[in-house]
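S.K.:
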Amino acid sequence: MIYDVIVVGGGHNGLISSAYLAKAGKSVLLLEGKDHLGGASISTRTFPEHDVRLSSYSYLVSLLPDKIIKDLGIKFTTKSRQISSYTPDFRDNNDCGLLIERNVGKLSQDSFSELTGSDHDFLAWKKFYSEVESIAKVIAPTLLEPLPSTKKLKSELGNDRLWHEICEQPIGQVVRERFLDDLVRGVVLTDALIGTFTSVDDLQANICFLYHLIGNGSGEWKVPVGGMGAFAEEVERVAISAGVQIMKNTKIAKVLPDAKGVELQSSTGVNYAGRDLIWAASPTALASALGNQKPNLRDGSQIKINMLLKRLPELKSGVDPKLAFGGTFHINERLSDLENAFDVANQNLLPEVIPAEVYCHSITDPSIVGKSGLHTLTLFALHTPAALFEKDRVANTNLVTQRILSGFNQYLAEPIETVLAENSDGSKCIEVKNPLDLEDEISLPRGNIFHADLTMPFATDESMIGEWGAQSGTPHIYLGGAGGQRGGGVSGIPAHNAAMALLSKS
């Protein structure tokens, strides 16, 4: 049988793309190499003795457009976190911290003032994020359209200075000019580095920053109700109900395009034929299947630690743990910490101080822990590139874990290890994954969570204007995964755009 479309990759992007195409009347075959769907958007009982579903890899949602939810009839909800972030600190011989509400008010203002000694950075914060939101409201509506020109977006924004600051001038320079405090600067700049191994003075950081702040025009990051797996399961339901045929345990070894379509050969020698191909796996895997040179990309540079707690730990600063962990809990993410860690890791050395952030989803969504009374913690550490784990992988993972937890513990009134839940054999409920683990488990090239280096979410030269950003360079093949333009994160955007590119052609 020759299918209208074959989709390779059963993560959320592959499922969304296939659902759009099937709803448009195409015969669609989706091929997934593993025995389950969802890719990085899954939930598992990481610690089987405890009835708790952890979001194993991806963990928050912002970029997923409301339009995709509506178009496909996806029944999925997210919850807002009342706290944006808490960042503990030790200064002037005092344990303290910066607490920022999602909707900044007096609590946030008082916290800024107490930490920094003035209202300067609080006022700068309000102005900066108000301006960033104005860019988000211009860019977000275009994410599900053909690529707009920079000229068009700049005209709609009507603020050339702001456009230059966010899209053309290194974001590190902008933040240094806007804010005075090292810790405040770091809190702003973490959004420029999640999943991106770079200095804050590289424009790649600007691109990462943009994607973290433009979701649905607000940039708010929400907790998926029921865990990330609830989303993947629902998108699978939608795809199947639309008529998508799904085959698991089917790894593609070769892609053979010709003038009429594409033939795929599995690792077991089975052939599949389609008129068009949506590739929702990584561009690296596509290059390999085509026999082409693999694309250059930055190393994935994160450590992901999943933990199950008997209770939330107390903090030295005395802040209520439910407030501290109710949003993003920043650990050693001052601007100086971020740049020092990058400089060291860029020399292929393990940083002594490793910036990290922690999320407690069970505060916002208790359903994931049921009646267990436990709490989940997800820790995401920065500037730990894959190259650091190529030799002595186990030893270096253990060393990095030790340094990360030590950095965490310096702000806690009790070591995090003492509040970890336990298994029946006495082992602690903690799971650590380095970038190479992510490559092995969910096929992220070099552990890069975006499949490839992020690119600006608009046309950066005239030849791109009006394109969907799904072109692969090979006829009949479209990029519909995180490695497509405007990809990265749990969004479905590249999936939608690949489907639209294909449908507009036919």
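The sequence shown runs 525 to 1030 under the numbering used here. Where a beta carbon is used, it is the ideal one built from N, C-alpha and C, also for glycine.
Is it the case that the CB of S930 approaches a heavy atom of the ligand ZN more closely than 8 Å?
M.R.: No copy of the ligand ZN occurs in the structure displayed, which carries no ligand at all.
S.K.: If you follow the alpha helix (DSSP H) that P807 is part of, which residue opens it and which one closes it?
M.R.: Sequence index remark: in the sequence shown, residue 807 carries index 283 (1-based). Looking at the DSSP string, the run of the alpha helix (DSSP H) that includes P807 is 807–814.
S.K.: Return the first residue and the last residue of the beta strand (DSSP E) that E787 is part of.
M.R.: To locate residue 787, count along the sequence shown from 1; it is residue 263. From DSSP, the beta strand (DSSP E) with E787 extends over 786–790.
S.K.: What does the Cβ neighbour count give for M1024, buried or exposed, with the cut at 16 atoms within 10 Å?
M.R.: Numbered from its first residue, the sequence shown carries residue 1024 at position 500. Per the 10 Å Cβ criterion, buried.
S.K.: CA-CA distance, Q926 and E863?
M.R.: One-based indexing of the sequence shown puts residue 926 at position 402. One-based indexing of the sequence shown puts residue 863 at position 339. Each residue's alpha carbon lies about 21 Å from the other.
S.K.: When the Cα atoms are used, what is the spatial distance from D645 to R700?
M.R.: Position 121 of the sequence shown, counting from 1, holds the residue named residue 645. Position 176 of the sequence shown, counting from 1, holds the residue named residue 700. Cα to Cα, D645 sits roughly 11 Å from R700.
S.K.: According to the neighbour-count rule (16 or more other Cβ atoms, all chains shown, within 10 Å of its Cβ), is G629 buried or exposed?
M.R.: As a working mapping, residue 629 is identified with position 105 in the sequence shown. Burial call: exposed.
S.K.: Classify Q817: buried if its beta carbon has 16 or more other beta carbons within 10 angstroms, exposed otherwise.
M.R.: Mapped onto the sequence shown, residue 817 falls at position 293. Result: exposed.
S.K.: Is it buried or exposed, L873, if we count other Cβ atoms within 10 angstroms and call 16 or more buried?
M.R.: Locating residue 873 in the sequence shown gives position 349, counting from the first residue. The residue is exposed, with fewer than 16 neighbouring Cβ atoms inside 10 Å.
S.K.: Here's the rule I'm using: 16 or more other beta-carbon atoms within 10 Å means buried, otherwise exposed. How should A937 be labelled?
M.R.: Your numbering for residue 937 matches position 413 in the sequence shown. It counts as exposed.
S.K.: Counting only the same chain and skipping the five closest in sequence on each side, list residues whose C-beta sits under 7 Å from that of F600.
M.R.: As a first step, residue 600 is located in the sequence shown; it is residue number 76 there, counting from the start. Here the set comprises I593, A754, F755, E758.
S.K.: Among T602, S790, L539, which has the Cα closest to the Cα of G750?
M.R.: Residue mapping note: residue 750 aligns to position 226 of the sequence shown, counting from 1. Ranking T602, S790, L539 by Cα distance to G750 puts T602 first.
S.K.: Under the three-state reduction of DSSP, which class applies to A763: helix, strand or coil?
M.R.: Walking along the sequence shown from the start, residue 763 turns up at place 239. DSSP places A763 in helix when its eight states are reduced to three.
S.K.: Report all residues from its chain with a CB closer than 6 Å to the CB of A564; omit the five preceding and five following residues, and keep chain order.
M.R.: Residue 564 sits at position 40 when you count from the first residue of the sequence shown. Only Y581, S582, I966 meet the Cβ criterion.
S.K.: What residue range is occupied by the uninterrupted beta strand (DSSP E) comprising K1031?
M.R.: With the chain running from 525 to 1030 in the structure shown, residue 1031 is simply not present.
S.K.: DSSP state of P672, grouped into three classes?
M.R.: The residue given as residue 672 occupies position 148 in the sequence shown. Coil, per DSSP.
S.K.: For D861, which residues from the same chain have a beta carbon less than 8 Å from its beta carbon, with the 5 sequence-adjacent residues on both sides left out?
M.R.: Stepping through the sequence shown from its first residue, residue 861 is reached at position 337. Only G710, V877, P879 meet the Cβ criterion.
S.K.: Might you give, ordered along the chain, the residues of its own chain that have their beta carbon closer than 6 Å to the beta carbon of M988, omitting 5 neighbours on each side?
M.R.: For the purposes of this step, residue 988 is identified with residue 464 of the sequence shown, where counting begins at 1. Cβ neighbours of M988 beyond the five flanking positions: L671.
S.K.: For R702, which residues of its own chain have a beta-carbon under 6 Å away from its beta-carbon, when the five flanking residues on both sides are left out?
M.R.: On the sequence shown, position 178 is the one that residue 702 refers to. Answer for R702: A648, F652, listed in chain order.
S.K.: If distances are taken between C-alpha atoms only, which option among N740, Q728, D634, Q606 comes closest to V662?
M.R.: Here residue 662 corresponds to residue number 138 of the sequence shown, with the count starting at 1. The shortest Cα separation from V662 among N740, Q728, D634, Q606 belongs to N740.
S.K.: Tell me, which residues are paired with W803 by DSSP?
M.R.: As a first step, residue 803 must be located in the sequence shown, where it is residue number 279. Its beta-bridge partners are V532, L1003.
S.K.: What's the C-alpha gap between D844 and L836?
M.R.: Along the sequence shown, one-based indexing puts residue 844 at 320. Along the sequence shown, one-based indexing puts residue 836 at 312. One C-alpha to the other measures close to 10 Å.
S.K.: Between the alpha carbons of L519 and H899, how many angstroms are there, rounded?
M.R.: Because the chain in this structure spans residues 525 to 1030, residue 519 falls outside the shown range and cannot be described.
S.K.: What would DSSP say about K746, mapped onto helix, strand or coil?
M.R.: As a working mapping, residue 746 is identified with position 222 in the sequence shown. Three-state result, K746: strand.
S.K.: Less than 9 Å separating the beta-carbons of A813 and A766?
M.R.: On the sequence shown, residue 813 is found 289 positions in, with the first residue counted as 1. On the sequence shown, residue 766 is found 242 positions in, with the first residue counted as 1. The answer is no: Cβ separation not under 9 Å.
S.K.: Taking only the alpha-carbon atoms, compute the straight-line gap between T666 and Q789 and give it to the nearest angstrom.
M.R.: Translated into positions along the sequence shown, residue 666 becomes position 142. Translated into positions along the sequence shown, residue 789 becomes position 265. Spanning the two alpha carbons is a distance of roughly 36 Å.
S.K.: Does DSSP put C732 in a helix, in a strand, or in coil?
M.R.: The count along the sequence shown starts at 1 and reaches residue 732 at position 208. Correct three-state label for C732: helix.
S.K.: Going by beta carbon distance, what residues of the same chain come within less than 8 Å of G597, once the five residues before and after it are set aside?
M.R.: In the sequence shown, the residue the question calls residue 597 occupies position 73. So the list reads V762, once near-sequence residues are dropped.
S.K.: Taking the continuous beta strand (DSSP E) assigned at L847, which residues delimit it?
M.R.: Locating residue 847 in the sequence shown gives position 323, counting from the first residue. Note, L847: premise wrong, no beta strand (DSSP E); alpha helix (DSSP H) at 845–848.
S.K.: Among the candidates G931, P959, S948, whose CA atom is the shortest distance from the CA of L912?
M.R.: The residue labelled residue 912 in the question sits at position 388 within the sequence shown. Minimum Cα distance to L912 is reached at P959.
S.K.: Buried or exposed for G897, please, with buried defined as at least 16 other CB atoms from any protein chain shown within 10 angstroms of its CB.
M.R.: Numbered from its first residue, the sequence shown carries residue 897 at position 373. Label assigned to G897: exposed.
S.K.: Is the CB-CB distance between I690 and F733 below 9 Å?
M.R.: Residue numbering aside, residue 690 sits at position 166 when the sequence shown is read from its first letter. Residue numbering aside, residue 733 sits at position 209 when the sequence shown is read from its first letter. Yes.
S.K.: Can you find the residues in the same chain that come closer than 6 Å, C-beta to C-beta, to P807, ignoring five residues on each side of it along the sequence?
M.R.: For the purposes of this step, residue 807 is taken as the residue at position 283 of the sequence shown. If we look at P807 and ignore the five residues flanking it on each side, its Cβ neighbours are P819, A976, G1007.
S.K.: I'd like to check one pair, V531 with L561: are the Cβ atoms closer than 9 Å?
M.R.: Within the sequence shown, the letter at position 37 stands for residue 561. Within the sequence shown, the letter at position 7 stands for residue 531. Taking 9 Å as the Cβ cut-off, L561 and V531 do not qualify as a contacting pair.
S.K.: Would you check if the distance between the CB atom of D492 and the CB atom of G842 is smaller than 9 Å?
M.R.: Only positions 525 to 1030 of the chain appear in the structure, and residue 492 is not among them; the question remains open.
S.K.: For Q1009, which residues from the same chain have a beta carbon less than 6 Å from its beta carbon, with the 5 sequence-adjacent residues on both sides left out?
M.R.: Mapped onto the sequence shown, residue 1009 falls at position 485. Around Q1009: T979, G993.
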